[in-house]
Amino acid sequence: MTVETKRIILHLDMDSFYASVEVQRRPDLAGKPVIIGADPKGGRGRGVVATASYEARKYGVHSAMPISKAYALCPGGVYLPPDFPRYAQVSSEVMAVLRETGFPSEQVSIDESFLDLTATGGYRQAETLARGLKTKIRALTGLTCSIGIGPSKVVAKIASDYRKPDGLTIVPDEEAAAFLAPLPVWKIPGIGPKTGKELGAAGMRTIGDLQAGLEVLLGRFGRGGTALHRLALGIDESEVAGRGGPRSISRETTFGEDTDDPEALAATMEGLIRDVHRNLTEEKYRFRTVTVKVRYTGFMTKTKAHSVQHYSDDIRTIRTLAHALLRDLLAERKIRLIGLRLSDLEAPDQGQTTLGI
Ligand code: DCP
Ligand code: MG
1 MTVETKRIIL
11 HLDMDSFYAS
21 VEVQRRPDLA
31 GKPVIIGADP
41 KGGRGRGVVA
51 TASYEARKYG
61 VHSAMPISKA
71 YALCPGGVYL
81 PPDFPRYAQV
91 SSEVMAVLRE
101 TGFPSEQVSI
111 DESFLDLTAT
121 GGYRQAETLA
131 RGLKTKIRAL
141 TGLTCSIGIG
151 PSKVVAKIAS
161 DYRKPDGLTI
171 VPDEEAAAFL
181 APLPVWKIPG
191 IGPKTGKELG
201 AAGMRTIGDL
211 QAGLEVLLGR
221 FGRGGTALHR
231 LALGIDESEV
241 AGRGGPRSIS
251 RETTFGEDTD
261 DPEALAATME
271 GLIRDVHRNL
281 TEEKYRFRTV
291 TVKVRYTGFM
301 TKTKAHSVQH
311 YSDDIRTIRT
321 LAHALLRDLL
331 AERKIRLIGL
341 RLSDLEAPDQ
351 GQTTLGI
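Going by my numbering, the sequence shown opens with residue 1, and the numbers climb by one from there.
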């Protein structure tokens, strides 16, 4: 008999993160449409919106929109340049709260993280812990976040987005498929606008359509179709990276549009390299293994890893390996997402000699 442990996964995502940090330190901005990003220069500015407060979103402003368009939609908004060091600082404070729970945690971007709460023993306990996290983060930083709890990473992530801002959405295992069914297909992380359109053309608009459409998905995406069908049902076996063994540090980026442009890929990888390296040195960890993940158009995902002989915290080692592994993973197909992970980590106190008694 196989005994399967049902997991309980939490996903936490800060609300309008950069904008909320700015409002927090300038209370006069509270309730106003605040837009963080490039200088709009009276509508002639170039560059994009990083994020917008929920008040600004009512005007239709959102992340990645050209700043000139944001200005046209919301000329009365408060436009501020990003202050990355400040956001990184607040992010570290939030992530420390999550780590202090003692449950395995995996930070996936500057403002989001997974926790594996299986060991709490049940959804009621997980809910209590989630409420505690929200209270603590608010007390420490003044910021709100949204939390989703479910049987897998994919369900938890979609649930955290379900009632934003300041949401808490709990989707037990047996409700997962029904919870997902009415949602649009693009709510599944990794479905970009292109796949979304393709699926729409095949008559699949909701996740429920995907649940009922395994054959069509297999015909269209081959083996990737099975993966997508399972995600649509909320089945996703990927672990919270910190579970069990030593932590790992990882970041990933999904492209707005699938790409095979080597320069765009290298530039994005460079951003991930700096991010994971900053995190590594902040924690005073050293690593031995670098893993690169690539998700291609059509949902196939591949990873490639390389381990070095001695623990290292050298950004040049990460850079050399990451770019080489990425080159190895380039194929004929375009790429939707790339990720970078440092693992086999050595904690600061592990390197020291243990004194005998
Ligand atoms: N970000 C960015 N460019 C993007 C998306 C995001 O610079 N295209 C930055 C700004 C965000 C932060 O990353 O504040 C976190 O991204 P989220 O997608 O979580 O967006 P927000 O936290 O801003 O809003 P939400 O409340 O929807 O999570
Ligand atoms: Mg967020």
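Heads up, the beta-carbon is just placed ideally off N, CA and C, and yes, glycines get one too.
From a predicted model like this one, the values you see are computed outputs, not experimental measurements.
How many Å lie between residue i and residue j at the Cα?
i       : j       : result
Ile-8   : Thr-317 : 36 Å
Ile-35  : Val-308 : 43 Å
Ala-30  : Arg-286 : 41 Å
Leu-345 : Arg-99  : 16 Å
Arg-138 : Thr-144 : 6 Å
Thr-128 : Leu-117 : 11 Å
Gln-211 : Glu-22  : 41 Å
Gly-121 : Val-108 : 24 Å
Thr-226 : Ala-266 : 30 Å
Gly-200 : Arg-220 : 13 Å
Thr-51  : Leu-233 : 30 Å
Ser-91  : Phe-84  : 10 Å
Ala-347 : Thr-101 : 18 Å
Ala-64  : Gly-37  : 9 Å
Lys-41  : Gly-203 : 43 Å
Leu-214 : Phe-114 : 28 Å
Ser-68  : Lys-58  : 17 Å
Ile-315 : Lys-334 : 27 Å
Asp-236 : Leu-280 : 27 Å
Arg-86  : Met-95  : 14 Å
Gly-126 : Ala-119 : Here the sequence assigns Ala to residue 126, which means Gly is not the residue at that position. Each residue's alpha carbon lies about 9 Å from the other.
Pro-82  : Ala-19  : 9 Å
Val-97  : Asp-13  : 13 Å
Arg-319 : Ile-273 : 6 Å
Lys-302 : Ala-56  : 38 Å
Val-240 : Val-155 : 13 Å
Ala-176 : Arg-230 : 12 Å
Leu-321 : Glu-252 : 16 Å
Gly-45  : Leu-218 : 45 Å
Gln-24  : Ile-110 : 17 Å
Gly-271 : Ile-338 : 11 Å
Pro-66  : Pro-151 : 37 Å
Glu-131 : Val-292 : For the sequence presented, residue 131 should be read as Arg rather than Glu. The straight-line gap from Cα to Cα measures roughly 35 Å.
Glu-263 : Leu-329 : 15 Å
Leu-80  : Val-49  : 10 Å
His-310 : Pro-104 : 25 Å
Residue range of the alpha helix (DSSP H) that residue i falls in?
i       : result
Ala-227 : 223–232
Ser-160 : 153–160
Ala-19  : 17–25
Glu-270 : 262–282
Val-240 : Segment: none, Val-240 is in no alpha helix (DSSP H) and carries neither H nor E.
Gly-208 : 207–211
Val-97  : 84–100
Leu-325 : 315–329
Ala-176 : 176–180
Lys-194 : 193–201
Give the C-beta separation of residue i and residue j to the nearest angstrom, bearing in mind that I take them to be a contact with Cβ-Cβ under 8 Å.
i       : j       : result
His-277 : Ile-147 : Contact flag wrong, Cβ pair sits at about 28 Å.
Tyr-71  : Gly-43  : 5 Å
Ser-250 : Leu-340 : 7 Å
Gly-196 : Phe-299 : That pair is no contact at about 13 Å.
Pro-33  : Gly-60  : Going by Cβ atoms, the distance from Pro-33 to Gly-60 rounds to 11 Å, so no, they are not a contact pair.
Leu-140 : Glu-106 : Leu-140 to Glu-106, Cβ: 21 Å. No contact.
Leu-325 : His-306 : 6 Å
Less than 7 Å between C-beta atoms, sequence neighbours within five positions excluded: which residues of the same chain meet that for residue i?
i       : result
Arg-336 : Gly-190, Gly-192, Thr-254, Phe-255, Asp-258, Arg-295, Tyr-296, Thr-297
Tyr-54  : Ser-16, Pro-165
Asp-275 : Arg-251
Lys-157 : His-11, Gly-148, Pro-189
Just grab the DSSP bridge partners of residue i for me.
i       : result
Gln-107 : Ser-113
Ser-307 : Thr-289
Ala-52  : Ile-35
Tyr-79  : Ile-35
Val-171 : BP columns for Val-171 are empty, so no partner.
Cys-145 : Met-14
Leu-342 : Ile-249, Val-290
Lys-302 : Val-294
Pro-66  : Val-48
Pro-184 : Thr-206
Ile-335 : Thr-259, Tyr-296
Gly-150 : Ile-9
Grab the span of the beta strand (DSSP E) containing residue i for me, first residue to last.
i       : result
Tyr-59  : Taken as a continuous stretch (DSSP letters only), Tyr-59 belongs to no beta strand (DSSP E), as it is neither H nor E.
Met-14  : 9–14
Phe-255 : 249–259
Note down, in chain order, each residue of its chain lying with its Cβ closer than 8 Å to the Cβ of residue i, except the 5 sequence neighbours on either side.
i       : result
Tyr-123 : Ile-8, Ile-149, Ile-170, Pro-172
Pro-182 : Thr-206, Ile-207, Gly-208
Arg-163 : Ser-146, Thr-169
If you drop the 5 nearest sequence neighbours on each side, which residues of the same chain put their C-beta closer than 6 Å to that of residue i?
i       : result
Ser-343 : Ser-248, Thr-289
Leu-180 : Ile-207, Gly-234
Ile-188 : Leu-231
Return yes when at least one heavy atom of the ligand FMN lies under 6 Å from the C-beta of residue i, else no.
i      : result
Met-14 : As far as ligands go, the structure on display features the ligand DCP and the ligand MG and does not contain the ligand FMN.
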